[in-house]
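> The listed protein sequences correspond, in order, to chains Z and B. 127 is the number that our numbering gives to position 126 of the first sequence; each next residue is one higher, with no gaps. 45 is the number that our numbering gives to position 44 of the second sequence; each next residue is one higher, with no gaps. Glycine included, each C-beta is placed from N, C-alpha and C at the ideal position. If you scroll down you'll find the structure; I have some questions about it.
There are 2 protein chains.
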Amino acid sequence: MEILHQRILADGVVKEGNILKVDSFLNHQIDISLLNEIGREFYRLFGKENINKIITIESSGIAIAAIAAQYFNVPIVFAKKAASKNIDGEVYSSLIRSYTHGNDYTAILEKKFLGPNDRVLILDDFLATGKAQLGLLDIARQAGATVAGIGVVIEKGFQGGGDHLRDAGYNLKSLAIIDEMTPDGIVFRNEEATY
Amino acid sequence: MEILHQRILADGVVKEGNILKVDSFLNHQIDISLLNEIGREFYRLFGKENINKIITIESSGIAIAAIAAQYFNVPIVFAKKAASKNIDGEVYSSLIRSYTHGNDYTAILEKKFLGPNDRVLILDDFLATGKAQLGLLDIARQAGATVAGIGVVIEKGFQGGGDHLRDAGYNLKSLAIIDEMTPDGIVFRNEEATY
């Protein structure tokens with residue numbers, strides 16, 4: 002997605018430890034006009050998949066899911082990060098390892114909001130090793146829901162999680178895939194190769 | 002806001018401890034069509050205030066802020082909940098007591114995203130004792146930003162935080178104010194009295 006590539010090049014900051022900071026437009030301050038373009042692009046990619054619900058994880062996936070949901074005309078459900086002690090039988094839960102923060106957490110989602118009749122689109126801001134997506138896939142599996150697609154704004158291709166999901170047969174589309182990243186520059190994967 | 006009142010009466014669940022669960026449409030599963038009506042109403046109430054940024058706190062304020070921001074055509078910034086040990090000199094921070102969860106947390110917001118030239122609208126899903134709003138007001142004060150308004154989807158009027166903010170002179174508008182709440186029923190404050 003060209004305007005996203007350009008925005009990452011203009012405003013993204015590469016930090017040590019394979020961190021890409023895009024907090025000026027995507028996940029702390031958020032450019033809602035850009036998010037509308039992103040939502041429209043997700044609809045172009047997944048609009049024919051008969052999706053009836055978009056799921057994501059708090060916090061940085063929520064704005065993306067909410068804006069995109071307007072194009073699909075469906076509700077969103079966001080999984081919450083919880084301390085294990087809060088979990089009871091009314092929720093699906095999945096343990097997720099957070100790459101960025103180096104700590105584990107449990108994602109929970111109330112059972113009444115996801116079931117076998119749902120065809121879901123999983124959306125998130127980042128995909129690196131894919132742990133967050135695997136957690137949501139695990140929750141969808143527990144619910145008996147069908148995962149019609151996985152949409153990601155920025156995939157760190159060099160960390161392998163995205164290709165692993167593609168190899169497993171998931172319909173994953175990332176709007177920008179970074180194959181190389183140093184403080185001196187960012188190399189995107191050829192866009193035609195990704196869809 | 003009549004359709005919000007009706008939705009709270011239809012789908013809200015009153016629990017012990019003054020808890021109103023609206024997680025089927027507002028803060029876990031989210032009805033994006035309703036959120037668009039809410040965003041439009043916030044714009045009707047605050048659209049002439051020359052707002053250039055909407056601020057909120059993760060997580061349940063984010064979708065509301067993102068959808069509303071489309072009407073104002075401004076970016077959003079959401080404060081993050083952080084462990085105190087993560088706080089450095091690059092962020093504004095404010096200690097917030099969480100009524101719902103009974104635990105304290107620190108809200109942080111990067112200094113580069115808020116400053117003296119900003120006229121902000123503070124948005125959130127709930128106002129009870131007003132601690133979250135006071136935290137964001139504190140952060141805006143640290144930044145030297147002007148708070149042009151505070152918008153809340155559901156105010157628990159009987160807990161007093163909203164009237165305290167009005168008495169202090171803030172331009173607070175709540176789309177639904179609950180004056181009484183029991184498992185048997187909910188009494189809303191007269192809408193004309195609130196604007």
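Do residue 178 (chain B) and residue 156 (chain B) have their C-beta atoms within less than 7 Å of each other?
Result yes, Cβ atoms of residue 178 (chain B) and residue 156 (chain B) sit closer than 7 Å.
> According to DSSP, residue 14 (chain Z) sits in a beta bridge with which residue or residues?
Beta-bridge pairing links residue 14 (chain Z) to Z:22.
> Using a Cβ cut-off of 7 Å (strictly closer), state whether residue 114 (chain B) contacts chain Z.
Answer yes: the Cβ-Cβ gap between residue 114 (chain B) and chain Z drops below 7 Å somewhere.
> Any C-beta of chain B sitting closer than 7 Å to the C-beta of residue 30 (chain Z)?
With 7 Å as the cut-off, residue 30 (chain Z) counts as an interface residue toward chain B.
> Can the beta-carbon of residue 106 (chain B) be found less than 7 Å from the beta-carbon of residue 144 (chain B)?
No, the pair does not count as a contact, with Cβ atoms beyond the cut-off.
> Quick one: grab the DSSP three-state call for residue 9 (chain B).
Note: residue 9 (chain B) maps to helix in three-state DSSP.
> Please report how far the alpha carbon of residue 162 (chain B) lies from the alpha carbon of residue 182 (chain B), in whole angstroms.
The alpha-carbon atoms of residue 162 (chain B) and residue 182 (chain B) are separated by roughly 16 Å.
> Beta carbons nearer than 9 Å to chain Z: which residues of the stretch 2-27 of chain B have them?
Cβ contacts with chain Z come from 24, 25, 26.
> At 3 residues or longer, and completely inside the stretch 38-63 of chain B: list those beta strand (DSSP E) runs for me, N to C.
Fully enclosed beta strand (DSSP E) runs of 3 or longer: 54-58.
> Determine the direct distance from the alpha carbon of residue 117 (chain B) to that of residue 115 (chain Z), and round the result to whole angstroms.
Cα-Cα distance, rounded: 44 Å.
> Give the residues of chain Z in contact with residue 36 (chain B), contact being defined as C-beta atoms less than 8 Å apart.
In chain order: 67.
> For residue 94 (chain Z), go through chain B and note every residue whose CB falls closer than 8 Å to its CB, in chain order.
Simply none; closest approach about 14 Å.
> Please tell me whether residue 148 (chain Z) has its Cβ less than 7 Å away from any Cβ of chain B.
Judged by the 7 Å Cβ criterion, residue 148 (chain Z) is not in contact with chain B.
> Does the distance from the C-beta atom of residue 55 (chain Z) to that of residue 124 (chain Z) stay below 7 Å?
Yes.
> Here's a check: name, in chain order, each residue in its chain whose Cβ is nearer than 6 Å to the Cβ of residue 12 (chain B), leaving out the five neighbours to either side.
Same-chain partners within the cutoff: 25, 26.
> For the alpha helix (DSSP H) that contains residue 168 (chain B), what are its first and last residues?
162-168 is the span of the alpha helix (DSSP H), which, as asked, contains residue 168 (chain B).
> With contact counted as at least three CB pairs below 8 Å, one residue from each stretch, are the stretch 45-64 of chain B and the stretch 119-134 of chain B in contact?
In short, these stretches touch, since the Cβ pair count reaches three.
> Using only alpha-carbon positions, find the residue among Z:153, Z:170, Z:185, Z:180 that is nearest to residue 46 (chain Z).
Of the candidates Z:153, Z:170, Z:185, Z:180, the one whose C-alpha sits nearest the C-alpha of residue 46 (chain Z) is Z:153.
> Which residues, in chain order, does the stretch 47-74 of chain B contribute to contact with chain Z at a C-beta distance below 7 Å?
The residues in question are 59, 60, 63, 64, 67, 68, 70, 71.
> Shorter than 6 Å, the distance from the beta carbon of residue 37 (chain B) to the closest heavy atom of the ligand NAP, or not?
For the ligand NAP, the structure offers nothing, since it holds no ligand at all.
> Indicate whether residue 97 (chain B) and residue 132 (chain B) have their beta-carbon atoms separated by less than 7 Å.
Cβ distance < 7 Å, so residue 97 (chain B) and residue 132 (chain B) count as in contact.
> Examine chain Z for any beta-carbon lying closer than 7 Å to the beta-carbon of residue 154 (chain B), and answer yes or no.
No, its Cβ sits nowhere closer than 7 Å to a Cβ of chain Z.
> Can you pull the chain Z residues whose beta carbon is under 7 Å from the beta carbon of residue 33 (chain B), in chain order?
Per Cβ cutoff of 7 Å: 67, 70, 71, 76, 77.
> I want to verify the contact list: residues of chain B whose CB lies under 8 Å from the CB of residue 91 (chain Z), in sequence order.
Result: empty, since nearest Cβ-Cβ is about 11 Å, beyond 8 Å.
> Rounded to the nearest angstrom, what separates residue 30 (chain B) and residue 78 (chain Z) at their Cα positions?
Whole-angstrom Cα-Cα distance: 4 Å.
> Could you tell me which of Z:14, Z:4, Z:3 sits nearest to residue 184 (chain Z), measuring between CA atoms?
Closest option to residue 184 (chain Z), Cα to Cα, is Z:14.
> If we ignore side chains and look at the alpha-carbon of each, how far apart do residue 36 (chain B) and residue 44 (chain B) end up?
In a straight line, the C-alpha of residue 36 (chain B) is about 12 Å away from that of residue 44 (chain B).
> According to the Cβ coordinates, are residue 53 (chain Z) and residue 75 (chain Z) closer than 7 Å?
Closer than 7 Å, so yes.
> Ignoring anything shorter than 3 residues, give me the beta strand (DSSP E) runs that lie fully in the stretch 121-176 of chain B, in order along the chain.
Listed in chain order, they are 147-157.
> Would you identify the three-state DSSP class for residue 111 (chain Z), choosing helix, strand or coil?
Residue state, collapsed to three classes: strand.
> Would you mind reading off the limits of the beta strand (DSSP E) that contains residue 96 (chain Z)?
92-98 is the extent of the beta strand (DSSP E) around residue 96 (chain Z).
> What does the Cβ neighbour count give for residue 173 (chain B), buried or exposed, with the cut at 16 atoms within 10 Å?
Under this definition residue 173 (chain B) is a buried residue.
> By the criterion of Cβ-Cβ separation under 9 Å, what are the contact partners of residue 42 (chain Z) in chain B?
Near residue 42 (chain Z) there are no residues of chain B at all, since even the closest Cβ is about 17 Å away, more than 9 Å.
> I'd like the list of long-range same chain contacts for residue 81 (chain Z), defined as Cβ closer than 6 Å, with 5 residues on each side in sequence excluded.
So the qualifying residues of the chain are 59, 109.
> Using beta carbons (cut-off 7 Å, strictly below), is residue 136 (chain Z) in contact with chain C?
Absence of chain C from the displayed structure is noted, the protein chains being Z and B.
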